[in-house]
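In the working numbering, the protein residues as written are 405 to 608. Beneath this line is the structure, given in structure tokens, with notes to follow.
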Amino acid sequence: MVRRPRLERVSLFSDGVFAVLITVLVLDLSPPETATFSALLPLWPTGLSYAVSYLFIAIVWVNHHHLFSYAEVATPRLVWVNFLHLFSVSLLPFATEWVADSRLADAPVSLYAGLFVVVNATYLALCWEVVDRPAHEDVTQLMRRLLTMRAFVTIGIFLTAAVLATWWPAVAMAMIGLCLAGYLRPDVPAGSPSIAGGSADTSA
């Protein structure tokens, strides 16, 4: 297929972006100045935000990889929607560092949850571009409805977390973590061919 290499290049480029983002997250970790285990305790906001962000990027990558297994051609719209999705994910290290440095302050956590909304919305757009086509007879209408429903539920949870972070940042972080845990599996079980749901790549 003549256009197949283009699709593979888009997929490989995306994988490279995810790898770089995980590396950037690690580089943002700074050890304590004191060489004691007790010195690690004050760094719990950094550890928590790093763990959540790492899990989020992992889920986004798994869902992205699963989704691209359904793609057939790299249309110009798919390429640009994919770039938009990667752009939203690329902001995660910045938001993660702000959450850690502020020790889970309300504004950073609210922005953090809001970023999850954007990642998931752009991933939903990518899903529509990949599977919402007449040629995809292996993706049933039921599966498309489940895909859309799961994505919108996730967006709603992240939006709620962004609002709640104004008063209860810790509660908002817990909501984000629980929502991500529900998307460790990329497909939607429905007794028919599966397809990735919203990311939590929620990206949500």
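All C-beta atoms in this analysis are idealised placements derived from N, C-alpha and C, irrespective of residue type, glycine included.
Per the Cβ contact rule, the stretch 408-417 is not in contact with the stretch 427-436 (fewer than 3 Cβ pairs under 8 Å). In the structure shown, residue 484 falls within a helical segment according to DSSP collapsed to helix, strand and coil. Note on geometry: alpha-carbon atoms of residue 422 and residue 554 lie some 23 Å from one another. Assigned with DSSP and collapsed to three states, residue 505 falls in helix.
Between residue 463 and the set 524, 498, 513, the nearest pair of CA atoms involves 524. DSSP, read as helix, strand or coil, puts residue 477 in coil.
Of the residues 557, 518, 428, the one whose Cα lies closest to the Cα of residue 565 is 518. Shown here for residue 446: same chain residues with a beta carbon closer than 8 Å to its own, the five before and five after excluded, namely 436 in chain order. Taking the C-beta atoms as reference points, residue 582 is found no nearer than 8 Å to residue 576. Under the three-state reduction of DSSP output, residue 530 falls in the helix class. Annotated as distal: residue 573 and residue 478, with beta-carbon spacing of 8 Å or more. Boundaries of the alpha helix (DSSP H) harbouring residue 419: 408-431, taken from the DSSP string. Taking residue 512 as the centre and dropping the five residues before and after it, the same chain places the C-beta of 502, 503, 506 closer than 6 Å to its C-beta, in chain order. Judged by DSSP secondary structure, residue 450 falls within the alpha helix (DSSP H) whose first and last residues are 448-472. Residue 493 counts as buried, since no fewer than 16 other beta carbons sit within 10 angstroms of its beta carbon. By the neighbour-count criterion, in which 16 or more other beta carbons inside 10 Å mark a residue as buried, residue 491 falls on the exposed side.
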